Every structure is written in structure tokens, then in C-alpha cells.
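J.:
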Amino acid sequence: MASREVIQYETPAIKALKWFSGIFIAFYVVWTVLPIFIMIMSSFKDLLEAFKLPAVGDWLGVTVFFDFTPTTKHYYELFANLGFSTYLFNSLVAAAGSALVSVVLGSMCAYSLSRIEFRGKGDLFFWIISTRMAPVVAVMVPLYWIFRELNLVGTLPGLILAYTTFNLPFAIWILKGFFDNVPYAIEEAQMVDGATRLQALRAILPLVAPGIGAFLVLCILFAWNDYLFAAIIGSGGAKTLPPATRELVQPQNIQWGQIMAAGTVTTLPMMLLGLVIRKYLVTGLTMGAVKE
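In C-alpha cells form, the structure reads like this:
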């Protein structure tokens, strides 16, 4: 019997919605990508070329974007004279260190909250996540006093601890959903065969590895982009890229070329990281969305 093709007719409302969606997506892409494109292009321009006006009739400014002589003097100034190699190293160590500590401790705590029943478990879990709801500025003064008394201000361990303070509750909250999504029968089978609780945890880690990896990237992103902790707790010997870039804006002079270069150095690593692991990031963040 010959198959019949089902012809679907689109109503005017559906067609209008598709047109609107396409226009909105195109506008959103231009709105988000164009500033990054201008920043990267301006970082390779001389100051006079960066502020050059477009020619008469060039309403889109194409000649301004592409008609220039590339130069790397702004990047040379950053790394040769302004010490941005040290700030880049501090950002990498602080972000990676905080992410590792948050994920390791958060995984163990989230596993305990997911698998062990005890009195006040719900209240404890709510208290943990409620600490993440507090604004950073509300606790910055007491945190600074504690870190100063412990001689942690201006040190990388202090900055890692500061980032972990706010990343750890979020890690526990997110990772608990990942462990809840893993059937407990897998661990029971392991423990029946004589495995300890720690060995049973190690057995299911590959099942939640996408989620743990996704949150590891989020922790790195949160710490990498932070300004407040880096400017206060990390002031001095643990300065990172965001506060170092802010210092390029001076009352007497604004180093626009160096600012564009510093913005590119700060932005591109996280963008490239997101592009490389985007598939695993989406998989990890959605694996705990539905509880089986």
C-alpha cells in the first residue's frame, strides 16, 4: 500500500513567529559578537587608527574595521612592562585551584547528602545553599578581617580559599542532583561484594563524570571572571587579570589599546574553553535535570 505524505500547512501566525525568531537570533548574535570582534580588532590597532572615523558614505564602517596596519605593541607592553604574565599566572592558579578544591569537597559532601539519611538533612542542605544566596559585599568586611588575621590577604592560597567559600555551596547543591540521578543499586551491588563506601563512590564516579566536569568548568569561569575578591583579598601579591585591567583606567590617561589587549587576554581563554567542551558541558548540566 502506497504511503501517503502528510502535508502540513503553516498558519500566518507560525510564519510570523519564525520570522521574528530568525530576526531576534540574528540581532542577538550581532549584539553579543560585535563588541568582542571590535575589542580583538582594536587590540591590534594603533591609537590613532582605533579612533579613526569612517569614510563618507561608509555607513557600516567596514573600512574602519579592516583598513589598518596590525601591531602587537599593546600586548608587548602588557607582558613586558606591566607584568601581565604574573597576573595571568595568578588567574590560572586561583581559578583552577578553587575549582579543584570545590569539586573534590563538594562531591564528597553531595554524595553523603544524596545517600545517607539523618535527622535534619533537609535543613542542613537548605542552610548550605542559603550561604550562597548572600551578596558578596554583605560579607566582604568580616571575610577581609578573618583573612587579614590569618595573613592570607594578598596570597594565592587566600584567594583560592575566598573563591572556594562561595563555590563550595553551589558545588554541593548541583552535584547532589547528579548523584541522585544514579541508581543506588549499583553501589549496593558493590558493597555486597565487599566494597567499602569509598570504593562504591569510586565505582559510580564515571557515571557522574560529565556533571562533575561541567561544574568544574563553571567554577573556573566564576573564579576567572571575579573582580571583587581579586581586588580586595588578592590585592598585592595575588592580583589577577580583572583588577589589573581596571588599573589601566587612570584619571590622567586611559590606555585604550592596552585595555583592549587585556580584555582579549582575559576573554579568549574562557571562550575557547567553552567551545572545546561545549558538548560535554551541555551533557553534564542536563544529566541531573530528570530524576529516574
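Here the working numbering is used: position 224 in the sequence shown is 231, and no number is missing along the way. Glycine is no exception: its CB is placed at the ideal position from the N, C-alpha and C atoms. Keep in mind the model is a prediction, meaning the values are calculated, not measured.
#1: Rounded to whole angstroms, what's the CA-CA distance from serine 119 to glycine 201? Just pull it up for me.
#2: Count Cβ pairs between the region 204 to 221 and the region 146 to 153 that sit closer than 8 Å; are there 3 or more?
#3: Can we say the region 241 to 259 touches the region 117 to 137, given the rule of at least three CB pairs closer than 8 Å?
#4: Considering only the alpha carbon of each residue, which of Tyr35, Phe132, Lys52 lies closest to isoleucine 179?
#5: Given 8 Å as the limit, is there contact between the region 182 to 189 and the region 208 to 216, that is, 3 or more CB pairs closer than that?
#6: Any idea what DSSP makes of isoleucine 261, helix, strand or coil?
#7: Is it true that the region 95 to 107 meets the region 162 to 181, where meeting means three or more beta-carbon pairs spaced less than 8 Å apart?
#8: Can you tell me which of the three DSSP states valine 272 falls into?
#9: Who does valine 256 pair with in a DSSP beta bridge?
#10: Secondary structure at lysine 246, three-state DSSP: helix, strand or coil?
#11: What separation, rounded to the nearest whole angstrom, lies between the Cα atoms of proline 149 and tyrosine 234?
#12: Beta-carbon within less than 7 Å of leucine 229's beta-carbon, same chain only, minus the 5 sequence neighbours each way: which residues are those?
#13: Can you confirm whether the region 84 to 97 touches the region 249 to 267 when touching is taken to mean that 3 or more C-beta pairs between the two stretches lie within less than 8 Å?
#14: Leaving aside the five residues before and after isoleucine 167 along the sequence, list all residues of the same chain whose C-beta is less than 6 Å from its C-beta, in chain order.
#15: Smallest Cα separation from alanine 145: which of Phe236, Ala216, Val199?
#16: Inspect the beta-carbon positions of serine 49 and methionine 267 and report whether they are closer than 7 Å.
#17: By DSSP, does tyrosine 118 sit in helix, in strand, or in coil?
#18: Just the Cα atoms here: how many angstroms apart are valine 36 and threonine 78?
#19: Going by DSSP in three states, isoleucine 123 sits in which element: helix, strand or coil?
#20: Would you kindly check if the distance between the Cβ of leucine 182 and the Cβ of glycine 113 is under 7 Å?
#21: Mapping DSSP to helix, strand and coil, what is proline 142?
#22: State the Cα-Cα distance for the pair isoleucine 32 and threonine 274, rounded to the nearest angstrom.
#23: Give me the Cα-Cα distance between isoleucine 261 and tyrosine 82, rounded to the nearest whole angstrom.
#24: Under 7 Å between the Cβ atoms of threonine 271 and isoleucine 30?
T.: Straight from the coordinates:
#1: 19 Å
#2: no
#3: no
#4: Phe132
#5: yes
#6: strand
#7: yes
#8: helix
#9: Ile261
#10: coil
#11: 18 Å
#12: In the sequence as presented, leucine is not what sits at residue 229; that position holds phenylalanine. Asn174, listed in sequence order.
#13: yes
#14: Ala101, Gly104, Ser105
#15: Phe236
#16: yes
#17: helix
#18: 28 Å
#19: coil
#20: yes
#21: coil
#22: 22 Å
#23: 16 Å
#24: no
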